[in-house]
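Residue numbers (this note's numbering): 2 to 645.
Next comes the structure, spelled out in structure tokens:
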């Protein structure tokens, strides 16, 4: 398959920027706008056209002689049809719900979110889905992944994932994929059986005895949307819990505690496996594997179960066994894709990889997941020379309990619109020589904190790279704890802000651990305040995180804002705001793409995916001595452009 274009939502001339990407969003701005492109996706003269529609990330690609347009929703929005084309009114869809969270303490794995599609030839294909221009609006709900069980007494099984829904004005036509079932929890007196859902969660280990997995395909759909979770096994010495069910098979099918495999789809233009069940928790031995399709890996001892991959609907991995018990992993968020035919044409790029767009004489490759940028051989029209590029690493998560804000991921670009102090050197590519691309994930916020005297530092974001140029993820924000190893902000591309506990934790150092000079990849985080019970802001590419105020969390550092037109701007690699105690004020985010700091009983805000921005620090309730969780960091992105 060859990509022909990619954008988001409305055109940049009519859309409004929104933090959640439901208006004119991140890829629209940085394929139509960041590279200063105006114009339509390439179509051959006289070619027939398909529907005219908006919403989501829009990706055009060829599959043989057929050219498709796919609208990809990784967050909720609206698919809006304004005109019918020459290829009929039917659209194809993929609707995947959020995966279930896993249980703790030898916990059952989370079941995958329900998987529903009508793509022709798919073994799970359902019936046709016609659309019209009256009323023409089709709301999209993308379900979040369920939270894993914490492991504390009475915490319950892992939470079910949230449904994903493609809504039609014709009610019987609405497509609902059910959230994956949560995994059973091994902490007495929590439910041990896996929960029912799109695919069922795995059963937790009991002593002695077994617990059943949850029932998949709940409620019933035809074709089925998922499979049952696996039962736990009372087999010494490892006593393995049950694997989560997947869209393609039940839990435990490939081995005790293994997650069920998901189902693959090429509806976006790339073949991706979705809705894999998580692997189970165990007392010892080898770790049960997750099913193909984004599920989290099971763990042993007191280790926390692996989180599922976002936008796959995978189930979380079960927590391991110990006297205290490892927490369960979180389920992955879902995805909704709508596609239709737009043309019969042939277009050529000078390289492959990512989502490819053509605008005003430039070819643009946009990577939101890791892959390879491969210039064609010189004899086949491959490109050699300087490319325009943007590399953004994953943002850091905010810390818990008056936590520091997460730092923005490392930022580096040679585009002319980047200010001179931050404009990076050129990068050249050679025809026939592939270049590896890595996209860093956003840092995960860890649940927990007071009561108990120990907060949790936010996880540092993952690195992003284009060839040898590797940028570091944003540093995690500090959590409220006596230990400086937890209280201080983490270093990173831009660093996390500090928290406090019997002392004010400093922010981390930016442009680390691999520094770039003289053009840095980020800035420092702000300092937390013991006297005001507030966290410092995370650093951003265009400004450092601020220190905690009185009594407010420090604002996050600014991201780099690029003007697309007079009405639309967007910022990458911004810092998250610091959290604050009840009665204070949470630190503001460094841009709308970052997370604001929580205050009192509020958790920190999470950053927008593919923005590389940091999550906000969690709040703190003085009266009950309870701390809140920070927000997740946003994943990174890589964009490459060259003359067509």
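We put the beta carbon where it would ideally sit given N, CA and C, even for glycine.
Cβ-Cβ separation, residue j to residue i (assumed contact under 8 angstroms), whole Å
i: residue 527; j: residue 508; result: 5 angstroms
i: residue 643; j: residue 351; result: 7 angstroms
i: residue 116; j: residue 393; result: Not confirmed; about 30 angstroms, so no contact.
i: residue 156; j: residue 182; result: Residue 156 to residue 182, Cβ: 16 angstroms. No contact.
i: residue 315; j: residue 113; result: 6 angstroms
i: residue 101; j: residue 202; result: 5 angstroms
i: residue 242; j: residue 258; result: 6 angstroms
i: residue 473; j: residue 493; result: 5 angstroms
i: residue 456; j: residue 404; result: 7 angstroms
i: residue 506; j: residue 485; result: 7 angstroms
i: residue 550; j: residue 535; result: 7 angstroms
i: residue 575; j: residue 614; result: 4 angstroms
i: residue 401; j: residue 619; result: 5 angstroms
i: residue 344; j: residue 398; result: That belief does not hold up - the Cβ atoms of residue 344 and residue 398 are roughly 42 angstroms apart, past 8 angstroms.
i: residue 487; j: residue 336; result: Contact flag wrong, Cβ pair sits at about 34 angstroms.
i: residue 274; j: residue 263; result: 5 angstroms
Endpoints, beta strand (DSSP E) assigned at residue i
i: residue 414; result: 412-414
i: residue 284; result: Note, residue 284: premise wrong, no beta strand (DSSP E); not H, not E.
i: residue 387; result: 386-393
i: residue 436; result: 436-439
i: residue 595; result: Careful: residue 595 lies outside any beta strand (DSSP E) and carries neither H nor E.
i: residue 143; result: Neither: residue 143 is in no beta strand (DSSP E) and is coded neither H nor E.
i: residue 340; result: 336-344
i: residue 167; result: 165-167
i: residue 643; result: 638-644
i: residue 275; result: 273-275
i: residue 206; result: Premise fails: residue 206 is in no beta strand (DSSP E) and is neither H nor E.
i: residue 116; result: 116-118
i: residue 178; result: 176-178
i: residue 372; result: 372-376
i: residue 647; result: Because the chain spans 2 through 645 in this model, residue 647 falls outside it and cannot be assessed.
i: residue 367; result: 363-368
i: residue 379; result: Where residue 379 is concerned, there is no enclosing beta strand (DSSP E), given that its DSSP letter is neither H nor E.
i: residue 612; result: Careful: residue 612 lies outside any beta strand (DSSP E) and carries neither H nor E.
i: residue 265; result: 264-266
Residue from the options whose Cα sits closest to the Cα of residue i
i: residue 281; options: 119, 300 and 223; result: 300
i: residue 545; options: 393, 532, 559 and 208; result: 559
i: residue 222; options: 605, 215, 128 and 582; result: 128
i: residue 463; options: 302, 487 and 409; result: 409
i: residue 165; options: 145, 624, 153 and 151; result: 145
i: residue 469; options: 623, 321, 427 and 613; result: 427
i: residue 53; options: 369, 133, 529 and 122; result: 133
i: residue 639; options: 296, 398 and 414; result: 414
i: residue 188; options: 342, 321 and 384; result: 321
i: residue 601; options: 534, 583 and 611; result: 583
i: residue 122; options: 140, 97, 93 and 98; result: 93
i: residue 373; options: 515, 357 and 514; result: 357
i: residue 612; options: 630, 214, 593 and 382; result: 593
i: residue 206; options: 217, 192 and 167; result: 192
i: residue 411; options: 343, 511 and 444; result: 511
i: residue 604; options: 591, 482, 627 and 334; result: 627
i: residue 656; options: 303, 307 and 111; result: A question about residue 656 goes unanswered here, because the residues of the chain that appear run from 2 up to 645.
i: residue 131; options: 151, 167, 335 and 162; result: 167
i: residue 517; options: 530, 542 and 529; result: 542
i: residue 73; options: 379, 152, 387 and 341; result: 341
i: residue 219; options: 636, 230, 212 and 396; result: 230
i: residue 555; options: 225, 519 and 598; result: 598
i: residue 171; options: 190, 137 and 149; result: 137
i: residue 386; options: 180, 210 and 376; result: 376
i: residue 50; options: 88, 76 and 58; result: 88
**Asked** Counting only runs that start and end within the region 452-532, where is the alpha helix (DSSP H) found for 4 or more residues in a row?
**Response** 485-488
**Item:** Any beta strand (DSSP E) of 3 or more consecutive residues that is wholly inside the region 42-97
**Value:** 53-55, 58-64, 67-74, 78-84 and 91-97
**Prompt:** Would you call the region 471-487 and the region 423-437 in contact, with 3 or more CB pairs under 8 angstroms?
**Reply:** no
**Request:** Flag this pair as touching only if the region 327-337 and the region 265-284 have three or more C-beta atom pairs under 8 angstroms; answer yes or no.
**Result:** yes
**Message:** Taking 8 angstroms as the cut-off, does the region 415-427 touch the region 499-515 (at least 3 CB pairs, one atom from each stretch)?
**Reply:** no
**Request:** Decide if the region 364-371 is in contact with the region 90-110; the criterion is three or more beta carbon pairs, one per stretch, under 8 angstroms apart.
**Result:** no
**Asked** Are three or more beta carbon pairs between the region 303-317 and the region 83-92 nearer than 8 angstroms?
**Response** no
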